[in-house]
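A short worksheet on the structure shown next.
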Amino acid sequence: MWLKTLYRKRAVTWPFIFYTIIWTLSIHHPETKKTIYYELLLRKKESESIFPEDFHLSIISDLDKHWLYMYWLKKTLIKILENNPKKIFSLNLDPQELEYDSTFLLLEELRRYKHQLIIEITETPPLKRNYPYYSLINEDALKKIIQFGYTVSIDDVGQGINSLSAMFKMKNYFHIIKFSTMVFRKTTSEETLKQIIKLFASIAIQLDKLFVVEGIENQEFAQWLETNISCYHQGYLYSIPKRLQNID
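When you line the sequence shown up against our numbering, it's residues -12 to 235, in that order.
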């Protein structure tokens, strides 16, 4: 209710949304092949593979636009969650969004769905901080999300602000570590990539966190992971992004 009232107070004329459509990409158990949860993706209408980067940047860099986005997102998420009551979804939040009250009003108003919603923190540094803090990640923001009762996932560990040192410092404020193979495939050999994955997997075990490897595109690599690493799998080998309706 607060979000709706504040939305009305801050409403601006802006041709909002709907350059984008929400799609999903599933995260799988490697042995049972069952879907554990679905990642929600913002995509351009014309393609499931194109992230609306300029559109998203305009949202997170402008407070009024972000209020509008949160209002739209609340209505959209409620519809998704209520239409799929037995499914779990992850929602990406940019660290800049952790600087905004609008984000936490959204999360507070969605608390009744907290068991269906994983909050995934991306690796991009915030454009502007509301107040100074020493750590790379806004520790107070993560604490607040945890206090709301949500499961928290750290995306693209080892990249951007989601560094190893940040993981150890924030270990009490998240539950899932996600590692993407995509950047490393472009810069290292597969053998080096496997050693890096082993390192992050051992850290996940040390911190008692769930571990997800994303960017799995062939059966040989998936088999290596299943044999050597305790993790959930995500990648085009298992599913491609699809427009979200009711999920069967």
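Here a beta-carbon is modelled for each residue, glycine too, at the ideal position from N, C-alpha and C.
Note that the coordinates shown come from a computational prediction; the quantities given were computed from them, not determined experimentally.
Per DSSP, reduced to three states, the secondary structure at histidine 15 is strand. A direct Cα-to-Cα measurement between phenylalanine 208 and lysine 156 gives close to 31 angstroms. Restricting attention to Tyr137, Ile184, Leu194, Leu224, the CA atom closest to the CA of leucine 212 is found in Ile184.
Burial is judged here by how many other beta carbons sit within 10 angstroms of a residue's own beta carbon; isoleucine 37 has fewer than 16 and is exposed. Two segments are said to touch when three or more pairs of C-beta atoms, one from each, lie closer than 8 angstroms; by this definition the stretch 70 to 87 touches the stretch 95 to 114. Judged by DSSP in its simplified three-state form, tyrosine 87 adopts coil rather than helix or strand. In this chain, serine 189 is not harboured by any beta strand (DSSP E); it is covered by the alpha helix (DSSP H) spanning 177 to 194.
Per DSSP, lysine 158 lies in no alpha helix (DSSP H) segment and is marked neither H nor E. Taking the Cα of leucine 27 as reference, the smallest distance to any Cα among His53, Leu68, Tyr58 is reached at Leu68. Glutamate 204 and isoleucine 227 have their C-alpha atoms spaced approximately 10 angstroms apart. Of the residues assessed, aspartate 142 falls on the buried side of the cut-off, its CB having 16 or more other CB atoms within 10 angstroms.
With the rule of 3 Cβ pairs closer than 8 angstroms, the stretch 118 to 126 does not count as touching the stretch 167 to 181. Judged by DSSP in its simplified three-state form, phenylalanine 38 adopts coil rather than helix or strand. Around the Cβ of threonine 214, a 10 Å sphere holds fewer than 16 other Cβ atoms; the residue is exposed. Cβ neighbours of tryptophan 10 within its own chain (closer than 7 angstroms, five residues either side excluded): Leu28, Arg30, Glu35, Pro228, Lys229, Arg230, Leu231.
Residue pairing by DSSP puts lysine 229 in a beta bridge opposite Thr11. For lysine 101, same chain residues with a beta-carbon under 6 angstroms away, outside a window of 5 residues either side, are Gly136, Tyr137 in chain order. Beta-carbon to beta-carbon, glutamate 110 and isoleucine 75 are separated by about 22 angstroms, too far to satisfy the 8 angstroms threshold.
Taking all protein chains shown into account, methionine 57 has 16 or more neighbouring C-beta atoms within 10 Å of its C-beta and is therefore buried.
The C-alpha of glutamine 193 lies about 16 angstroms from the C-alpha of serine 150.
When secondary structure is reduced to three states using DSSP, valine 144 falls in the coil class, being assigned neither helix nor strand. Aspartate 51 and leucine 97 have their C-alpha atoms some 20 angstroms from each other. According to the DSSP secondary-structure assignment, asparagine 149 is paired through a beta bridge with Gln146. Note that the C-beta distance between isoleucine 106 and leucine 78 is below 7 angstroms.
Residue state for tyrosine 120 is assigned as coil, using DSSP reduced to three classes.
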